[in-house]
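One structure is given here, and the rest of the page talks about it.
Residue numbers (the UniProt record's numbering): 1 to 243.
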């Protein structure tokens, strides 16, 4: 654990703590990955929690196993970017990135890049579903792959079942939703409920544990506003019928 001089966990992604709503309020991580031997954290920088207004999103990196972190100045997404919040997964030499606007109300879009190009935003490729092609360097050409309200997503490729699996909070259904696809570009399945707000009031967030990549069990952390904590959840794929 990265600690301060007192031995407490310390801040690794800077937040200005300007709580007026007109500056740098705080920084919130949305995803993390180890790519090409370096650890990366994607985050958004919050301006005003009212309306979920951000300043930008970006990356921090660590080359010493998380002990020290530095901002990647070469990667930055605007406050209105389709990739203000993201999830990552590595497969076949690529890092795949599914993103949304910041908040919990926008649809999901898709990008990819070679592991070695993590810090070279100009070489990111975006899925343009109308033509069925990857388009380099222009995130505005990315088309929707999941038309739903997607919040705090994560995704994996399950090697046993040879399917992509995504999970996210959906505010309309008030649940943690799961969908699957044989190809990451889609089509994605109809929604399946992993956890409901009826059973877990004020739930949000759904982040897969790496053990979910193999076998028949899915593990994910789910947060609850009250008691303001995170819990490890388990789902057996065998219980999901035609999966």
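Heads up, the beta-carbon is just placed ideally off N, CA and C, and yes, glycines get one too.
Own chain, CB closer than 7 Å to residue i, minus 5 neighbours either side, in chain order
i           : result
residue 24  : 15, 16, 18, 45, 55
residue 130 : 143
residue 91  : 157
residue 141 : 126, 128, 135
residue 184 : 96, 110, 164
Which residues DSSP lists as bridging residue i, in chain order
i           : result
residue 195 : 176
residue 42  : 31, 59
residue 128 : 133
residue 104 : Bridge partners of residue 104: none, in fact.
residue 114 : 94
residue 150 : 106
residue 234 : 219
residue 160 : Paired residue(s): none; residue 160 is not in a bridge.
residue 144 : 109
residue 3   : 9
residue 48  : 53
residue 85  : 100
residue 17  : According to DSSP, residue 17 bridges with nothing at all.
Classification of residue i by the beta-carbon crowding that lies within 10 angstroms, buried from 16 upward
i           : result
residue 110 : buried
residue 246 : Shown here, the chain extends from 1 to 243; a query on residue 246 therefore has no answer.
residue 147 : exposed
residue 51  : exposed
residue 102 : buried
residue 149 : buried
residue 175 : buried
residue 27  : buried
residue 278 : The structure shown does not extend to residue 278, since the chain is modelled only from 1 to 243, so the question has no answer here.
residue 60  : buried
residue 104 : buried
residue 195 : buried
Within 7 Å, strictly: CB atoms of residue i and residue j
i           : j           : result
residue 169 : residue 151 : yes
residue 99  : residue 82  : yes
residue 107 : residue 84  : no
residue 208 : residue 156 : yes
residue 29  : residue 43  : yes
residue 2   : residue 115 : no
residue 203 : residue 212 : no
residue 21  : residue 48  : yes
residue 191 : residue 180 : no
residue 38  : residue 68  : no
residue 222 : residue 233 : yes
residue 231 : residue 167 : no
Cutoff 8 Å; reference residue i; Cβ partners in own chain excluding five residues on either side
i           : result
residue 113 : 94, 95, 97, 120, 123, 124, 125
residue 9   : 1, 2, 3
residue 182 : 162, 163, 164
residue 160 : 214, 215, 216
residue 197 : 174, 175, 203
residue 117 : 123, 124
residue 226 : 201, 202
Cβ neighbours of residue i in the same chain (closer than 6 Å, five flanking residues each side left out)
i           : result
residue 31  : 42, 86, 87, 88
residue 139 : 82, 126
residue 145 : 108, 110, 186
residue 188 : 146, 179, 181
residue 53  : 47
residue 33  : 40, 88
residue 172 : 149
Within-7 Å CB hit, residue i to chain C
i           : result
residue 169 : Protein chain content of the structure displayed is limited to a single chain, and chain C is not contained in it.
Notebook entry, point to check: Can you give, in chain order, each stretch of the alpha helix (DSSP H) that sits fully within the segment 183-231 and has at least 4 residues?
Noted result: none
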